[in-house]
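2 protein chains.
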Amino acid sequence: MSHSEDTHPQSISQPQTVVIAIDAMGGDHGPRVTVAGAAEALSRDTSGRLRFVLHGDEALIGPELAKLPALKAVATIAHTDQFIAMDEKPAQALRRKGTSLFAAITSVKTREAHAVVSAGNTGALMALSKMLLKMMTDDLERPAIACGWPNEKGGMGTVLDVGANVTSDANQLIEFAVMGTAFHRAVRGKDRPTVGLLNVGSEDVKGHEEVREAHRILREGVDGINYHGFVEGDDIGKGTVDVIVTDGFTGNIALKTAEGTAKFVKNLFKGALKSTPLAMAGALLASSALKKMARSVDPGAANGGPLLGLNGIVVKSHGGAEAWAFSNAVSVAISLAASTYEHDIRQALAQVNSAHGLKSDTVPADSVADEKVS
Amino acid sequence: MSHSEDTHPQSISQPQTVVIAIDAMGGDHGPRVTVAGAAEALSRDTSGRLRFVLHGDEALIGPELAKLPALKAVATIAHTDQFIAMDEKPAQALRRKGTSLFAAITSVKTREAHAVVSAGNTGALMALSKMLLKMMTDDLERPAIACGWPNEKGGMGTVLDVGANVTSDANQLIEFAVMGTAFHRAVRGKDRPTVGLLNVGSEDVKGHEEVREAHRILREGVDGINYHGFVEGDDIGKGTVDVIVTDGFTGNIALKTAEGTAKFVKNLFKGALKSTPLAMAGALLASSALKKMARSVDPGAANGGPLLGLNGIVVKSHGGAEAWAFSNAVSVAISLAASTYEHDIRQALAQVNSAHGLKSDTVPADSVADEKVS
Chain W
242 MSHSEDTHPQ SISQPQTVVI AIDAMGGDHG PRVTVAGAAE ALSRDTSGRL
292 RFVLHGDEAL IGPELAKLPA LKAVATIAHT DQFIAMDEKP AQALRRKGTS
342 LFAAITSVKT REAHAVVSAG NTGALMALSK MLLKMMTDDL ERPAIACGWP
392 NEKGGMGTVL DVGANVTSDA NQLIEFAVMG TAFHRAVRGK DRPTVGLLNV
442 GSEDVKGHEE VREAHRILRE GVDGINYHGF VEGDDIGKGT VDVIVTDGFT
492 GNIALKTAEG TAKFVKNLFK GALKSTPLAM AGALLASSAL KKMARSVDPG
542 AANGGPLLGL NGIVVKSHGG AEAWAFSNAV SVAISLAAST YEHDIRQALA
592 QVNSAHGLKS DTVPADSVAD EKVS
Chain G
242 MSHSEDTHPQ SISQPQTVVI AIDAMGGDHG PRVTVAGAAE ALSRDTSGRL
292 RFVLHGDEAL IGPELAKLPA LKAVATIAHT DQFIAMDEKP AQALRRKGTS
342 LFAAITSVKT REAHAVVSAG NTGALMALSK MLLKMMTDDL ERPAIACGWP
392 NEKGGMGTVL DVGANVTSDA NQLIEFAVMG TAFHRAVRGK DRPTVGLLNV
442 GSEDVKGHEE VREAHRILRE GVDGINYHGF VEGDDIGKGT VDVIVTDGFT
492 GNIALKTAEG TAKFVKNLFK GALKSTPLAM AGALLASSAL KKMARSVDPG
542 AANGGPLLGL NGIVVKSHGG AEAWAFSNAV SVAISLAAST YEHDIRQALA
592 QVNSAHGLKS DTVPADSVAD EKVS
C-alpha cells in the first residue's frame with residue numbers, strides 16, 4: 242500500500258444528494274456560460290438529487306440565475322470578490338485564497354461538494370487541485386487529464402494523459418490505465434472497458450523502453466484492467482479500444498493534431514460545397530443532414546476532462562466552451578460524483594502496487610502545470 | 242567535423258542525367274504499380290534527362306513495360322530472381338543479396354543510380370539502406386523518415402521523424418531540423434523554409450528536457466535553419482511552419498492519428514450525404530466539386546517519404562500505393578536527385594557540429610527498424 246495521507250476519505254456508497262461546485266467565474270465567458278451550462282446539465286438529470294453551489298461574484302451570477310428558475314431552486318451562490326484571470330500564473334493563483342476557484346476546490350476538500358467544475362486557467366486548476374486535495378497515492382506525481390474522443394463506432398473513447406505529465410514511466414502508464422478504466426466505467430457506463438497502450442506498432446518489440454515495460458506488465462495481467470495490447474494512432478478514431486493510454490506529451494500532441502485535422506477536413510468539405518453554384522444548391526438540399534452530423538461530432542460533446550488521481554473530483558472544461566459544451570463537463574462531474582469511481586481507483590491502485598511492487602522513479606518528472614508554478 | 246567515411250562522395254553540381262532505381266517488386270502490387278508509377282512520374286518531367294532502372298523479375302516487369310513506350314525508351318530492366326516479402330524480417334533481408342531491393346540500393350551505392358524508390362517492407366528498406374549506404378555522420382544513428390503533410394494554406398508541410406527513431410535527444414532533433422530544411426527546399430522549392438519544434442505549448446518552459454534543450458540551441462541560431470519556435474499539434478494542419486520537427490514516436494503517432502481523424506471526418510460527411518433522399522440529391526449536385534476536393538487531399542499526393550541522413554537518396558512509398566501515389570514518391574526522388582540536397586545536408590551538419598559542439602549520446606537509442614534486425 243502506498244496511499245498518501247487520506248485527507249479526503251471517500252464513502253463507497255453513492256451519495257444521496259450530489260453537490261456540484263461550479264467555478265462560476267472561470268472560462269472566457271464567466272457566469273453567462275457557467276450558470277446556463279449548469280442549468281442545462283440539470284435539465285438532463287433524472288435523479289432529482291442534484292444541488293449546485295455557484296462560486297463567484299454574486300452581482301454577476303445573481304442575474305443569470307434569476308433567468309433559470311429550475312436551477313435557482315437547487316442552487317446557492319457562494320460569493321467571492323476575486324477570480325483568477327485566464328493568463329494568471331499558477332504560482333500567484335496558489336496564494337490568492339479569495340478566488341472563486343480556490344473556494345470551489347476547497348469545498349470539495351471539506352466535502353461540502355462532491356465535485357468541482359471549472360473552465361478556468363488549466364495551470365491554476367492543476368496547481369490548486371494538487372495543493373488543496375493532494376494526490377491519492379505517493380506514486381502519483383500529478384493529476385492526469387483524460388479526454389473524450391468520438392470514434393467511428395459511434396461511441397466515445399477515453400484518452401489519457403493529454404497534457405499533465407510530459408514524461409511518463411511504465412508505472413505511471415499503468416496508473417493511467419487504472420484511472421482511465423475507472424473513469425470510463427463511471428462516465429460511459431461500460432463495465433469492463435478495453436485498454437490499449439499507444440505505440441508506433443503492435444509488436445512487442447516496438448516502441449521505447451517505458452511503453453514496452455508497461456506492456457509487459459499489463460500483458461501479464463493487472464487486476465481490473467481489460468488489456469487489449471498496443472494500439473496505433475489510427476486506432477483511436479477507429480474505436481479499437483475504449484481507453485487509450487499514453488504519456489502527456491504524446492497525448493497532448495495527438496489530441497491537438499486530431500483537432501487540427503478534423504477542422505481542416507471539415508473546412509475542405511465546406512469549401513467544396515461553396516465552390517460552384519451547383520455545389521451550393523446541393524449543399525442546400527443536404528443542409529439538414531449535414532447540420533445533424535455536425536452536431537453529433539461537435540467538440541463540445543466531448544467537453545469535460547477530469548483531473549485524475551486526486552482526492553476529489555475535479556473536471557476541467559474548455560475555456561472557450563459555450564453553455565451546451567460546459568453542460569457536458571458538468572454532466573461528467575455528475576456521473577463521477579454519483580459513481581464509485583474514486584473508491585474503484587483507490588482500490589485498484591492499491592492492488593496493482595501490492596501485486597506488482599510498482600514504485601515511481603524518484604526522478605522529478607516535468608509537468609506542464611508545475612513548471613509554471615515554480 | 243564528424244563525418245563518417247565518405248563512401249559516396251556527392252558532386253555539388255546537378256547531374257546531367259538523373260537515374261532512378263526502382264525496386265519494381267516492392268509493395269502490395271509489385272510491377273503493375275511500380276512500372277506504371279514510374280511512367281506517370283516520367284510523363285510529368287520536363288527535363289528530358291531522366292533514366293530508370295527497374296530491378297526485379299524480368300518476366301513480370303517486361304509485359305508492364307511493353308505497355309508504356311515512353312518509359313520503355315528510357316528504362317532498363319535489371320533482372321533479379323528474388324524479392325523481399327512484405328512481412329520478411331529485416332535480419333533475413335540483410336543476408337539475401339539476390340533481391341530486387343538489395344540490387345536497387347546497391348546501385349545507389351555504386352553511383353549507377355542517383356536515387357532509389359521502394360514501396361517494400363519498411364524495416365528491410367531501413368536496415369539495408371543503413372548497411373549498404375551508411376549514415377552521413379557518426380552523430381546520426383539511423384535514417385529519419387520525413388513525410389508530406391497537406392495544410393490549410395494549400396501547401397504541403399514536411400514532418401519528421403515519423404517513425405524511425407522512437408527516442409530522440411536534442412542533438413538528433415537539431416539534425417532533423419537540418420535535414421528537414423534541406424529536404425523541403427529541394428522538394429517543395431522554398432528557399433528558407435520555416436522550422437517549428439513540436440511541443441505541448443509555445444512557452445520556453447513547456448515540454449520535456451530534450452525538446453527544451455533543442456529549442457534553446459535553435460533559438461540561439463543555427464546556420465541555415467529558419468527557426469520559428471515551438472509549435473503545437475494543430476499548427477501542423479494550419480501550416481504555421483514549413484518543417485515540423487519531432488521524435489519518431491510522437492511523429493508516428495501524430496501522423497497515424499491525423500490519418501485516422503481525416504478518414505473519420507470524411508466518412509461522417511459521406512454518411513450524412515447518404516442519410517436522406519434529399520441529402521443524396523444534394524450530394525449528386527455537388528459531386529463534381531466534392532470529387533475535385535477529394536483528389537486534392539488524396540493521401541497519395543503526399544506519398545514519398547525520404548530516409549534522411551544516408552549517403553544516398555532513398556525514398557519510401559506506401560506499400561499499398563496505386564500507380565498515381567507511387568508516381569509521387571518517384572517525383573520526390575527525382576527532385577532530390579536533381580538538387581544539391583545531399584551536399585546541403587552534409588555541409589549544414591558539419592557547420593552545426595563545429596559551431597555547437599553537438600555530440601550524440603552514446604546511449605543506444607531504440608529504433609523501429611533496428612529492433613527487428615537484431
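Residue numbers (our numbering), protein chains in the order written: chain W, 242 to 615; chain G, 242 to 615. Every residue, glycine too, gets a C-beta built ideally from N, C-alpha and C. Being a predicted model, the structure only gives us computed values, none of them experimental.
Mapping the DSSP letters down to three states, classify residue i as helix, strand or coil.
i	result
W:His584	helix
G:Ala262	strand
G:Val452	helix
G:Gly267	coil
G:Thr224	Past the boundaries of the shown model lies residue 224 of chain G; chain G is included only from 242 to 615, so the question cannot be answered.
G:Asn406	strand
G:Met377	coil
W:Pro272	helix
W:Asn412	helix
W:Pro391	strand
W:Leu514	coil
W:Gly430	coil
W:Gly541	helix
W:Gly214	Because chain W spans 242 through 615 in this model, residue 214 of chain W falls outside it and cannot be assessed.
Would you call the CB atoms of residue i and residue j closer than 8 Å?
i	j	result
W:Ala564	W:Gly278	yes
G:Lys313	G:Ala319	no
G:His355	G:Ile554	yes
G:Val482	G:Asp476	yes
G:Ile485	G:Gly398	yes
W:Gly361	W:Leu342	yes
G:Thr321	G:Val294	no
G:Glu305	G:Val260	no
W:Leu509	G:Gly523	no
G:Gly389	G:Ala282	no
G:Tyr582	G:Ala418	no
G:Thr285	G:Ser572	Sequence check: residue 285 of chain G is Arg here, not Thr. Their beta carbons are under 8 Å apart, which means G:Arg285 touches G:Ser572 by this criterion.
G:Gly462	G:Ser443	no
W:Val593	W:Asp488	no
W:Met376	W:Gly560	no
W:Val315	W:Arg352	no
G:Leu496	G:Ala455	no
Mark residue i as exposed unless 16 or more other C-beta atoms lie within 10 angstroms of its C-beta, in which case mark it buried.
i	result
W:Gln257	exposed
G:Ile457	Per the sequence shown, residue 457 of chain G should be read as Arg rather than Ile. Result: exposed.
G:Gly546	buried
G:Ile253	With a pLDDT of only 48 at G:Ile253, under 50, the local geometry of the prediction cannot be trusted, and no value is derived from it.
G:Ser595	exposed
W:Pro384	buried
G:Lys532	exposed
W:Asp410	buried
G:Gly480	buried
G:Val336	In the sequence as presented, Val is not what sits at residue 336 of chain G; that position holds Arg. Exposed, since its Cβ has fewer than 16 Cβ neighbours within 10 Å.
G:Ser576	buried
G:Ala338	In the sequence as displayed, the identity of residue 338 of chain G is Lys instead of Ala. With fewer than 16 other Cβ atoms within 10 Å, it is exposed.
W:Lys394	exposed
W:Gly478	buried
Since I believe residue j is in contact with residue i (beta carbons under 8 Å), could you give me their beta-carbon distance rounded to a whole number of angstroms?
i	j	result
G:Val446	G:Glu473	That belief does not hold up - the Cβ atoms of G:Val446 and G:Glu473 are roughly 15 Å apart, past 8 Å.
G:Leu209	G:Leu551	Missing from the structure shown is residue 209 of chain G; chain G here goes from 242 to 615 and no further.
W:Ala499	G:Thr502	4 Å
W:Ala345	W:Ala262	4 Å
G:Ala513	W:Ala530	5 Å
G:Ile466	G:Val436	6 Å
W:Leu549	W:Met372	Not really, about 17 Å apart at Cβ, beyond 8 Å.
W:Leu439	G:Ile494	6 Å
G:Val407	G:Asp264	Rounded, the Cβ-Cβ distance is 25 Å, inconsistent with contact.
G:Ala368	G:Pro331	4 Å
G:Thr340	G:Phe324	5 Å
W:Thr491	G:Thr491	5 Å
G:Leu558	G:Gly268	Here residue 558 of chain G turns out to be Ser, not Leu, going by the sequence shown. That pair is a contact at about 7 Å.
task: Can you check the segment 276 to 357 of chain G for any beta strand (DSSP E) of at least 3 residues that lies completely inside it and give the ranges in chain order?
output: 291 to 297 and 316 to 320
query: In the segment 432 to 505 of chain W, which residue ranges form an unbroken alpha helix (DSSP H) of at least 4 residues, counting only runs that do not cross its ends?
result: 450 to 461 and 474 to 479
- request: Taking only runs that begin and end inside the segment 547 to 593 of chain W, name each unbroken beta strand (DSSP E) of 3 or more residues, in chain order.
  value: 554 to 557
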